[in-house]
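A.B. asks: This is the structure I have questions about; it appears just below.
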Amino acid sequence: MTILTTLLALAPVLTGPVDPSGGLVAIKVGRAETVSHGPIDHAVILVDNGKIVEIGADLPVARGIPVIERPEWVVMPGLVSCYTRLGVESRAGQEFNPEASPTPEIDPRHPDYKEALEAGVTTLGLYPPGTGVPGHAAALRPKGKAIGDMVVDEDAYLKVYFRANSASKKLVRDAWTKVDEYDDKVKKAKEKWEKDNKSKGSDKKEEEKKEGEAKAEEKKDDKKTFVPPEADPKVKPFVQVRDGELGMLVSITQAADWAHWLDAIGERKFDYALRVVMTREIDIYEVTEEIGKRGVRLVMEPQITLVPGTMRQRNLAMEFATAGAKIAFKPRNDTIQDHVAWRRHVGEIVGAGLARDAALRGLTLEPAAVLGLDKQLGSLEKGKTANLLFLSGDPLEPTTNVEAVMLDGEFVFGEVKE
Amino acid sequence: MKFWIDRRSLSVLAFSACMGFALPSFGSPSSAQEGEKKEEEKKKEEKKDEWFAVLNGDVYTGTGAVLRGATVLSKNGVIESIGHDVEVPTEAKTLDAAGLRVYPGLVAINSAGLFGNTGGDFADSVDPYNQRMTLALASGITTAGQSNVALKLKRREIKGVVLRERYLATLSFTNSNPQGKREMNERFERAARYLREYREWEEKKRDNKDLKEPAASGVDSTVRSILEGRVLARFNASNREDLLEIARLAQRFGFRPVIDGCIEGWTVADELGRAGAYAVITPRDRRDKEEQLVRDGGSSIENAAILHRSGVQVCVIPSTTGVDLGGIAGRDILHLPIEAGFAVRGGLTDQAALESITIVPARLLGVSHRVGSLEKGKDCDLIVLDGDVMHYQSLVQYTVVEGKLVYDKSQELFYAHIRPRPSTQLAPEERKDKGEAEEPKEGAEAKPEEAPKEGDETKPDDPPKDPPKDG
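Top to bottom, those sequences are chains R and E. When we follow the numbering used here, the leftmost residue of the first sequence carries the number 8, and every step to the right adds one. When we follow the numbering used here, the leftmost residue of the second sequence carries the number 15, and every step to the right adds one.
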């Protein structure tokens, strides 16, 4: 009922034919893969101002609201490719550059972005190249005239390239030691500040009556007004990671890397996702249980791998999902062809045993979470950005075509008529 | 606290029995506070202690007796006791080795690639999941030297891999480089002189405190540490003349040389024995005698046996130290025990041959206090085989490293199908044929596979029983 009233209330605001460039529109499709709440048959999605206003089955639509009715279509959230170098060159970078961002490299006119969008990829996570700690990844929408139009989030996650060797381990250990040093600095600064503040208070002799209360208040004031010293730009990203303000993506290639990563971070607790490079004979299955137990989010290619030295196949995505890890897929390569074939490749993994809902999450919501955008993107929910992918059938079927793509409430691909 | 420890060392059984009770019931002497402390201690120990027992095997201790049907008990990775009347705590993980032989884990003095693609920084780059490590464990190797570092093959673990670094110092001392030889001689002379002066100074210092310490400048630090016995000098030599020169050098300056190669060692075995040499040999090495010389020369299959008889400690290593799966009875590191078998063929005793791949290389790596034989207080690194360790048909059934089962043949993709282990420990001739009617399995509980299943940690995790997983 509430839905109906909202729709009615909105009705007088906009009437007339479909405006393909945003504005209020209702879309009726045969099926909606919400990703977060399972599929909805006969779904109606109401989009306004770039956001999903309402979604549900067979919702009544008030008269006057333009309606696009496509009962043969299936809608799902736009795909999120959270780890890519699409449209920019691959090159080696610096050893330790945590403050760097790849955004200056972007060429908004690069044809790959348009093609990616037409394949249904509505968000890209562009990572900085190089080894060590090469910098921040940026979240982009693959459309815009200038770099500024494209960037959704400049600080999507901190990339760490980790390998089992003393140089990598030292890099990580040193970074955290510097965070500790910074914490000490903050602590000292705060103590000093408190001291100064207290002496001032005693001069005024105001708090003498209610000492206890006054002290408590004073402490509160401290927190309000105390400004911690600015961290070094090389240290700040790690402080942000520690405080949960910034994600971290750690790239590893083998089980041993994971073991040494655990050794390098020691007892520290912070959130990180793992980028596992699915090489042909990767032995990461040795630590599936351990990784799954921690509920780590993994960024991996939809790829069947082999047990080293054999032709035995393993579906690692399935094994990890079963063990409790969260799977975020990335296209097999950074080429546009692999972005186009991405859904089909994930479909192959589903054919080999991965649960369907995990696969759909792996294309949308999980990579959005890697970018730290899972509150805005990655599923069909009320209030989320209207990045919609309209398909001719099941998203994971190889014969399914992209019919239309909506980016921020705007149709950017496909023939759409009322 | 003392009470507790004493009690346990008296009888392991008592320990396990009192686990369930509160400690004061045993008559804790004094205050409740102390009782609490004990309680904490107990909890800690309960958490910490990991027991592992290999039962009923024929235990070849390596340096001592062969104990038939004995038990090896490990506590936290260290051998607690070996014998026939060992009390095994109830919580211990056990491995039934009835009808099988238990040997100390083998030690390879040289190896390549067993620890992954490391750059020498083993503690930070060891790959404990790499296949070559598994293959080496399957051939019985539990400790190996690489880049002059003694390393433990700890599968799926990266802690405690490095045992000892730089115990061997390689020197060149050969007749083909007379100048280098002369210089080496001088270095030894200078170092010996320095040490002599230093000792004199130390004695005189008691009376005269102002006496100046002898200058250490110009003294080769490597040679000095050799003479002080802190490292072993390693030479690469196979010619009779070189071997004699090394023996003389060693006797003159009083150190024990380690000689790699040593192909013509059998011709000068007495001299090498008198010099207290160690020989690192490959019994299958072949070299022709130089025909123009009248004296003995060339290789001999009896080399190891003759050297051993003369008092040389023999260490055996295959000719290739990496993993190289070419050929039957190959010459790579995986055929370490077979290489020792060739020394036996040349007359070396079984015991000396076992030592040549266990305790002697452990001594050369400077880790004989931890590995190389089954003794109380040493690391519980052992292998369980279905026959003699040096027989080419024997297969390693289990490998245990520091009290943890790291290799179980029946669970390994590459090995499970090779002559599968009988499901019970009956001798092969007592087993029934497949065609015969199956009896209800009484022996099912006695399955050797049962025991290690208790510990998921020690379980290899790609059981071939589960083919759909692998497609």
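Ideal Cβ positions, reconstructed from N, Cα and C, are used throughout, including at glycine.
With a cut-off of 8 Å, do at least 3 Cβ pairs link the stretch 50–63 of chain R to the stretch 337–346 of chain R?
C.D. replies: They do not touch, by the three-pair rule.
A.B. asks: What are the residues that DSSP puts in a beta bridge with Gln160 of chain E?
C.D. replies: Gln160 of chain E pairs with E:Val163.
A.B. asks: Would you mind sorting Asn172 of chain R into buried or exposed? The rule is 16 or more other CB atoms within 10 Å of its CB.
C.D. replies: So Asn172 of chain R ends up on the buried side.
A.B. asks: Between the alpha carbons of Glu200 of chain E and Thr317 of chain R, how many angstroms are there, rounded?
C.D. replies: If you take the alpha carbons of Glu200 of chain E and Thr317 of chain R, they lie about 56 Å apart.
A.B. asks: Would Ser153 of chain E be called buried (16 or more neighbouring beta carbons within 10 Å of its own) or exposed?
C.D. replies: Ser153 of chain E should be labelled buried.
A.B. asks: For His267 of chain R, go through chain E and note every residue whose CB falls closer than 8 Å to its CB, in chain order.
C.D. replies: Correct list: Asp138, Ser139, Ile172.
A.B. asks: In this structure, what does DSSP give as the bridge partners for Glu417 of chain R?
C.D. replies: Answer is R:Leu414.
A.B. asks: According to the neighbour-count rule (16 or more other Cβ atoms, all chains shown, within 10 Å of its Cβ), is Arg275 of chain R buried or exposed?
C.D. replies: Flag for Arg275 of chain R reads exposed.
A.B. asks: Does Lys479 of chain E get closer than 9 Å to chain R when you measure Cβ to Cβ?
C.D. replies: The pLDDT assigned to Lys479 of chain E is 44, lower than 50, so where the model puts this residue is not dependable; a value taken from the coordinates is nonetheless given after this. It does not: the Cβ of Lys479 of chain E has no partner Cβ on chain R nearer than 9 Å.
A.B. asks: Identify each residue in the stretch 334–348 of chain E for which the Cβ-Cβ distance to at least one residue of chain R is less than 8 Å, and report them in chain order.
C.D. replies: If the cut-off is 8 Å between Cβ atoms, the stretch 334–348 of chain E has nothing near chain R.
A.B. asks: For the stretch 157–174 of chain E against the stretch 188–197 of chain E, do three or more pairs of beta-carbon atoms, one drawn from each stretch, fall closer than 8 Å, so that the two count as touching?
C.D. replies: Flag = no, the stretch 157–174 of chain E and the stretch 188–197 of chain E do not touch.
A.B. asks: Which ranges would you report for the alpha helix (DSSP H) in the stretch 308–379 of chain R if only whole runs of at least 4 residues count?
C.D. replies: Counting whole runs of 4 or more residues, the stretch 308–379 of chain R contains the alpha helix (DSSP H) stretches 323–330, 343–347, 349–358, 363–370, 372–377.
A.B. asks: Can you list, in chain order, the residues of its chain with a C-beta nearer than 8 Å to that of Arg435 of chain E? Leave out the 5 residues immediately preceding and following it.
C.D. replies: Excluding sequence neighbours, Arg435 of chain E sits near Asp400, Gln411, Lys423, Ser424, Pro462.
A.B. asks: Rank E:Ala367, E:Phe202, E:Leu258 by C-alpha distance to the C-alpha of Thr188 of chain E and give the top, closest one.
C.D. replies: Residue E:Leu258 is the option with its Cα nearest to Thr188 of chain E.
A.B. asks: So the alpha helix (DSSP H) Leu267 of chain R belongs to, where does it begin and stop?
C.D. replies: Note that residue 267 of chain R corresponds to His in the displayed sequence, not to Leu. His267 of chain R -> alpha helix (DSSP H) spans 262–272.
A.B. asks: Name, please, each residue of chain R whose Cβ falls closer than 7 Å to the Cβ of Asp135 of chain E.
C.D. replies: Result: Asn172, Ser173.
A.B. asks: Are the C-beta of Gly316 of chain R and some C-beta of chain E separated by less than 9 Å?
C.D. replies: Yes, Gly316 of chain R lies at the interface with chain E (some Cβ there is under 9 Å from its Cβ).
A.B. asks: Tell me where the alpha helix (DSSP H) around Pro46 of chain R begins and ends.
C.D. replies: No alpha helix (DSSP H) holds Pro46 of chain R; the beta strand (DSSP E) holding it covers 46–55.
A.B. asks: For Ile260 of chain E, does the three-state DSSP call read helix, strand or coil?
C.D. replies: Residue state, collapsed to three classes: helix.
A.B. asks: Excluding five sequence neighbours on each side, which residues of the same chain lie with their C-beta closer than 6 Å to the C-beta of Glu215 of chain R?
C.D. replies: Because Glu215 of chain R carries a pLDDT of 49, less than 50, the predicted location of this residue cannot be relied on, and no value is offered for it.
A.B. asks: Alpha carbon to alpha carbon, how far is Ala84 of chain E from Leu114 of chain E?
C.D. replies: Answer to the nearest angstrom: the Cα atoms are 11 Å apart.
A.B. asks: Using a Cβ-Cβ cut-off of less than 8 Å, give me the residues of the stretch 240–264 of chain R that come near chain E, in sequence order.
C.D. replies: Listed by position along the chain: Gln261, Ala262, Ala263.
A.B. asks: Would you identify the three-state DSSP class for Ser186 of chain E, choosing helix, strand or coil?
C.D. replies: In this structure, Ser186 of chain E counts as coil in the three-state DSSP scheme.
A.B. asks: Taking 6 Å as the limit between beta carbons, can you name the residues of its chain near Ser324 of chain E, skipping five residues before and five after?
C.D. replies: Taken in chain order, the residues that qualify are Ala283, Asp284, Gly287.
A.B. asks: To the nearest angstrom, report how far apart Arg116 of chain R and Thr129 of chain R are at their CA atoms.
C.D. replies: Their backbone Cα atoms lie some 16 Å apart in a straight line.
A.B. asks: So, with DSSP's three-state summary, where would you put Met157 of chain R?
C.D. replies: If DSSP states are grouped into helix, strand and coil, Met157 of chain R belongs with the helices.
A.B. asks: Is Pro235 of chain R helix, strand or coil by DSSP?
C.D. replies: DSSP places Pro235 of chain R in coil when its eight states are reduced to three.
A.B. asks: For chain E, find out if any of its Cβ atoms is closer than 9 Å to the Cβ of Glu274 of chain R; answer yes or no.
C.D. replies: It does not: the Cβ of Glu274 of chain R has no partner Cβ on chain E nearer than 9 Å.
A.B. asks: Tell me the start and end of each unbroken alpha helix (DSSP H) in the stretch 267–312 of chain E that is at least 4 residues and wholly inside, in chain order.
C.D. replies: 283–288, all fully within the stretch 267–312 of chain E.
A.B. asks: Name the chain R residues whose beta carbon is nearer than 9 Å to that of Gln411 of chain E?
C.D. replies: Within chain R, no residue comes near Gln411 of chain E; the closest Cβ sits about 21 Å away, beyond 9 Å.
A.B. asks: At the level of alpha carbons, what is the spacing between Gly219 of chain R and Tyr90 of chain R?
C.D. replies: A caution first: Gly219 of chain R carries a pLDDT of 49, below 50, which makes its placement in the model unreliable, though a value can still be read off. Rounded to whole angstroms, Gly219 of chain R to Tyr90 of chain R spans 53 Å at the Cα level.
A.B. asks: Just mark Gly133 of chain E as buried or exposed, buried being the case when its beta carbon has 16 or more other beta carbons within 10 Å.
C.D. replies: Exposed, because fewer than 16 other Cβ atoms sit within 10 Å of the Cβ of Gly133 of chain E.
A.B. asks: Closer than 9 Å between beta carbons: that is the criterion. Which residues of the stretch 140–163 of chain E meet it against chain R?
C.D. replies: Cβ contacts with chain R: Val140, Asp141, Pro142, Tyr143, Asn144, Gln145.
A.B. asks: Please go through the same chain and pick out, in chain order, the residues whose beta-carbon is closer than 8 Å to the beta-carbon of Arg363 of chain R, but skip the five residues on each side of it.
C.D. replies: Correct list, in chain order: Val357, Leu403.
A.B. asks: Opposite Leu321 of chain E in the DSSP bridges: which residues?
C.D. replies: Leu321 of chain E pairs with nothing; no bridge assigned.
A.B. asks: First and last residue of the alpha helix (DSSP H) that includes Gly344 of chain E?
C.D. replies: Looking at the DSSP string, Gly344 of chain E is not in any alpha helix (DSSP H), and its letter there is neither H nor E.
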